[in-house]
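Residue numbers (the working numbering), protein chains in the order written: chain P, 7 to 183; chain Z, 7 to 183.
Take a look at the structure below.
Number of protein chains: 2
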Amino acid sequence: MSFNGEQHPGVKQPTAESQGFRLNHTMLRIKDPEKALAFYSRVFGMSVVRRLDFEEMQFTLYFLAKLEADDDVPEDDAQRTAWTFSQKGLLELTHNWGSEDDPDLQYHDGNAEPQGFGHICFSVPDLKAAEAWFDANDVEFIKRSDQGKMQNVVFVKDVDGYWIEVVQADLLGHMGD
Amino acid sequence: MSFNGEQHPGVKQPTAESQGFRLNHTMLRIKDPEKALAFYSRVFGMSVVRRLDFEEMQFTLYFLAKLEADDDVPEDDAQRTAWTFSQKGLLELTHNWGSEDDPDLQYHDGNAEPQGFGHICFSVPDLKAAEAWFDANDVEFIKRSDQGKMQNVVFVKDVDGYWIEVVQADLLGHMGD
């Protein structure tokens, strides 16, 4: 499938074998869960839908969803785990126990060298209101909507330094023209 | 909100200011779009829903979605861009022009040092069938479902070396117990 004549090098037609596959989550390591969870819940309105502790391997996973009105998260643990792994677009935050007490630990954002992962991105209904909300929460900006070459694209940092892009979908119609 | 008494350190109650926020995409840099798009379309069944070229900055963005039966992607470019940025759980692949011809370039997976980003994860309806499908496509495994401490969790590498976790939701009910 190619829309409106766009060139998509290398693309193959999906087959039956990948039917039902779903992009469930993106995993980022965090230094201090108290800080990271406060940030993603307060600033981006995410909820922790499942916490999984791995005693032997000394880490905890926090699965975060931006819940919508019709999301019905099961209370039962096993059901909630299965629900979590059947969703689309979650954020998984990994806490290796004790990392918050390591003064030398700072996770790598993927934009400084060596590069790889770039950012996660939130779509918001009102970009100007979102910018004001970030300011009210002392969120660190990399780029405001009126700065740089990409107008109406905001970049902020989360508490571990990972980049978060923030956009308003209906302001980007002519991007890349 | 906390489910079944789980402890979620630092979590705040979401407020009205984050209403309508949506986790739109995760961005990864890719060396060769032909290889990366072949991989994600063929093996994981993803479709390129929007390509955006930035001539001045010499890069192209490919937005990939795992389309479902009821997804109705607009043909018109501007509408399709707005549609893209209003979705949940997309993958954005960034191609810096010419990177495919740089023999020294290998993007960083975030799991070797320095650590940060860990992986993306796909949920699949049948994990054993997915493993056979990966083998049929010569996908490189990091861990098969029956290896290591985490049973029923698969890790493979994409063509740039990024880690992809693959799980079957209903096999993970007792994870973390």
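For every residue, glycine included, the Cβ atom is placed at its ideal position computed from N, Cα and C.
- Message: Taking 8 Å as the threshold (beta carbon to beta carbon), is residue 47/Z in contact with chain P?
- Response: yes
- Tell me which same chain residues have a C-beta within less than 7 Å of the C-beta of residue 51/Z, skipping the five on either side of it? 72
- Item | Length of the line joining the Cα atoms of residue 80/P and residue 130/Z | 20 Å
- Message: Residues of chain P with CB closer than 7 Å to the CB of residue 15/Z, please, in chain order.
- Response: 39, 40 and 43
- Task: Note down the Cα distance separating residue 68/Z from residue 55/Z, rounded to an integer number of angstroms.
- Result: 8 Å
- Message: If you reduce the DSSP assignment to three classes, tell me which class residue 68/Z lands in.
- Response: strand
- Message: By the DSSP assignment, the alpha helix (DSSP H) with residue 90/P in it spans what residues?
- Response: 83 to 90
- How close, in whole Å, do the beta carbons of residue 111/P and residue 97/Z come, if the pair is a contact with beta carbons under 8 Å? No, residue 111/P and residue 97/Z are not in contact; Cβ-Cβ is about 28 Å, not under 8 Å.
- Message: Using a Cβ-Cβ cutoff of less than 7 Å, which residues in the same chain neighbour residue 43/P once the five nearest sequence positions on both sides are dropped?
- Response: 54 and 68
- Query: Got a sec: is the Cβ-Cβ distance from residue 94/Z to anything in chain P below 8 Å?
  - Reply: yes
- Simplified DSSP assignment, three categories, for residue 164/P: coil
- Item | Chain-order list of residues whose beta-carbon lies under 7 Å from that of residue 45/P (same chain, five-residue window excluded) | 164 and 165
- Task: Compare the Cα-Cα distances from residue 48/Z to each of 140/P, 60/P, 70/P and 24/P and report the closest residue.
- Result: 24/P
- Task: Please check the pair residue 124/P and residue 150/Z, which I expect to be a contact at CB under 8 Å, by giving their CB distance rounded to whole angstroms.
- Result: Contact flag wrong, Cβ pair sits at about 29 Å.
- Query: What distance in whole Å lies between the Cβ atoms of residue 162/P and residue 172/P, which are believed to be in contact at a cut-off of 8 Å?
  - Reply: 7 Å
- Are any of the Cβ atoms in chain Z nearer than 8 Å to that of residue 10/P? yes
- Item | Interfacial residues, the region 105 to 123 of chain P to chain Z, with Cβ spacing under 7 Å | 113, 114, 115, 116, 120, 121, 122 and 123
- Query: Interface residues of chain Z around residue 76/P at Cβ under 9 Å?
  - Reply: By Cβ distance, chain Z contributes nothing, its closest Cβ being about 13 Å from residue 76/P, past 9 Å.
- Complete runs of the alpha helix (DSSP H) confined to the region 22 to 73 of chain Z [at least 4 residues]: 39 to 48
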